[in-house]
Amino acid sequence: MLSSLLLASTFVKHGAVVLVGDAIAPSAVFDSFAEQIGGRHAPVLVFEQAEAKPDAMDRQLADKGFDHVTVVSDTTFSSDRRAEVAKMLSEARGVWVPDGDANLFLKRLGPEWCRRVFPAFIERGGVWCGLRAGAALAGDFRLDGENGVGVLDGIVDYDHFVGHHELRLRKTYFTTKVQLGIGLDPGEWVVVRDSVIEKKIGQPWVFLREAG
135 MLSSLLLAST
145 FVKHGAVVLV
155 GDAIAPSAVF
165 DSFAEQIGGR
175 HAPVLVFEQA
185 EAKPDAMDRQ
195 LADKGFDHVT
205 VVSDTTFSSD
215 RRAEVAKMLS
225 EARGVWVPDG
235 DANLFLKRLG
245 PEWCRRVFPA
255 FIERGGVWCG
265 LRAGAALAGD
275 FRLDGENGVG
285 VLDGIVDYDH
295 FVGHHELRLR
305 KTYFTTKVQL
315 GIGLDPGEWV
325 VVRDSVIEKK
335 IGQPWVFLRE
345 AG
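This is how it looks when you write it as structure tokens:
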């Protein structure tokens with residue numbers, strides 16, 4: 135049964151990961167995100183590095199009543215700025231990652247920095263919400279086999295069936311030996327915490343590797 139497989143492995147260590155197949159999040163995603171982070175007054179960081187021209191404007195969260203939002207829109211980072219952002223992250227409850235270019239996100243922030251600070255953020259109980267490319271970044275690997283930020287022991291794909299990606303996702307999933315594979319299309323989203331997929335909206339493709 136699905137539940138027995140879910141209990142067999144740990145995909146997210148402490149906090150939650152919200153994975154959304156849309157570039158504009160459905161209203162229910164904001165409600166779930168608020169619940170996960172402790173309400174709309176909790177501190178949230180928006181990372182815009184996947185966007186071609188970050189503009190330091192929060193277009194979605196403020197309209198939904200989130201009032202403690204800081205936008206990180208830098209396209210280059212000094213070591214001092216990375217330290218400053220890491221400190222901000224240590225005080226945040228949520229991270230929001232809009233759609234865009236996943237490679238650009240990693241290039242700007244630095245893949246090693248991302249794989250150090252974002253998993254630590256989740257282990258402290260933080261919540262990552264990624265939209266499309268922001269969802270794909272969450273995994274240990276991405277569809278092309280390159281590294282993600284590693285807040286999820288898995289691979290996440292968007293435009294899964296509409297983009298005819300299912301064969302590529304299966305191949306990457308079995309090659310990388312991660313625990314969880316998720317394929318999302320528009321209108322689909324999931325919440326993963328510890329060893330459980332807490333919420334699944336729509337019919338996302340989900341593959342779980344049995345322990346042992």
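Those letters in the sequence shown? Residues 135 to 346, by the working numbering.
A virtual CB, placed ideally from N, CA and C, is assigned to each residue, including glycine.
Judged by DSSP in its simplified three-state form, T306 adopts helix. In the three-state DSSP reduction, A159 falls in the coil class, being neither helix nor strand. Distances from the alpha-carbon of A162 to those of L286, R276 and C263 put C263 closest. A straight line joining the alpha-carbon of R174 with that of F200 spans about 4 angstroms. With the rule of 3 Cβ pairs closer than 8 angstroms, the region 315-327 counts as touching the region 288-300. Shown here, E280 sits in coil according to DSSP, grouped into three states, outside any helix or strand. Look at the beta carbons and you see the region 149-167 touching the region 265-273: at least three pairs across the two are nearer than 8 angstroms. With three or more CB-CB distances shorter than 8 angstroms, the region 169-186 counts as touching the region 227-246. Straight-line spacing of the CA atoms in V324 and I335 works out to 6 angstroms. The region 247-256 makes contact with the region 209-225: 3 or more CB pairs, one atom from each, lie closer than 8 angstroms. For I158, the closest of P188, D197, Q170 and V261 by C-alpha to C-alpha distance is D197. Around the beta carbon of A226, 16 or more other beta carbons sit within 10 angstroms, so the residue counts as buried. If you compare the alpha carbons of A190, V203, M191 and L303 with that of A168, the shortest gap goes to V203. According to DSSP, residue pairing for D291 in a beta bridge involves G317. Shown here, G264 sits in a strand according to DSSP, grouped into three states. Within the same chain, H148 and G149 come within 7 angstroms of G259 by CB-CB distance, once the 5 residues on both sides are set aside. Rounded to whole angstroms, L195 and F164 show a C-alpha spacing of 8 angstroms. Following the DSSP letters along the chain, one finds F275 inside the beta strand (DSSP E) bounded by residues G273 to F275.
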